[in-house]
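J.: For the sequence shown, numbering that gives the first Met the number 0 gives the first residue as 0, with consecutive numbering after it.
Provided herewith is a single structure, encoded as structure tokens, for subsequent inquiry.
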Amino acid sequence: MNHYETVFIVTPVLSEAQVKEAVEKFKALITENGGEMVNEENWGLRKLAYPIQKKSTGFYQLLQFDAPGELIEKLELNYRRDERIIRFLTFKLDKYAFEYSIKRKGKLKSKEEK
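Quick look at the structure:
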């Protein structure tokens with residue numbers, strides 16, 4: 000099992016319920032294929048650096064998970080087939096990046112509690 004992080008941008012024309020539905024679809028795909036969710040962050044509606052498909056904003060979503068390597072191919076294929084996803088990036092975390100993300104997650108939780 001490798002550590003992965005994926006960020007994808009959902010089209011801004013969707014309602015919040017539709018965005019959550021899209022996120023749940025990809026989380027289910029990860030868990031059904033032997034993956035395990037580690038962290039999930041909703042970054043909300045943000046302005047894009049440049050227009051993509053004539054859209055200047057999008058809903059950003061980050062998913063961190065542990066999964067076998069074969070899952071990434073299926074996940075990215077589903078990203079490409081889904082009209083709601085306008086961009087995505089998936090990468091494998093090395094042990095240092097994974098440790099940093101755990102520390103960062105701990106700091107985020109402590110800030111939210113204050």
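C-beta atoms are modelled at their ideal positions from N, C-alpha and C, and glycine is treated no differently.
Which one or two residues does DSSP pair with Ile29 in a beta bridge?
T.: For Ile29, which the question treats as bridged, DSSP gives no partner whatsoever.
J.: Pull the bridge partners of Glu35 from the DSSP assignment, please.
T.: Beta-bridge pairing links Glu35 to Asp65.
J.: For Ser100, name the three-state secondary structure that DSSP assigns.
T.: In the structure shown, Ser100 sits in a helix (DSSP, three-state: H, G or I).
J.: Suppose the cutoff is 8 Å on Cβ atoms and the five residues either side in sequence are ignored; what does the same chain contact list for Gly57 look like?
T.: Counting only Cβ-Cβ distances below 8 Å, and skipping sequence neighbours, we find Ile8, Val9, Thr10, Pro11, Leu44, Arg45, Leu47, Ile51, Ile85, Arg86.
J.: Are Leu62 and Glu39 closer than 8 Å when you measure CB to CB?
T.: Cβ atoms of Leu62 and Glu39: closer than 8 Å.
J.: Excluding five sequence neighbours on each side, which residues of the same chain lie with their C-beta closer than 8 Å to the C-beta of Glu82?
T.: Cβ neighbours of Glu82 beyond the five flanking positions: Thr10.
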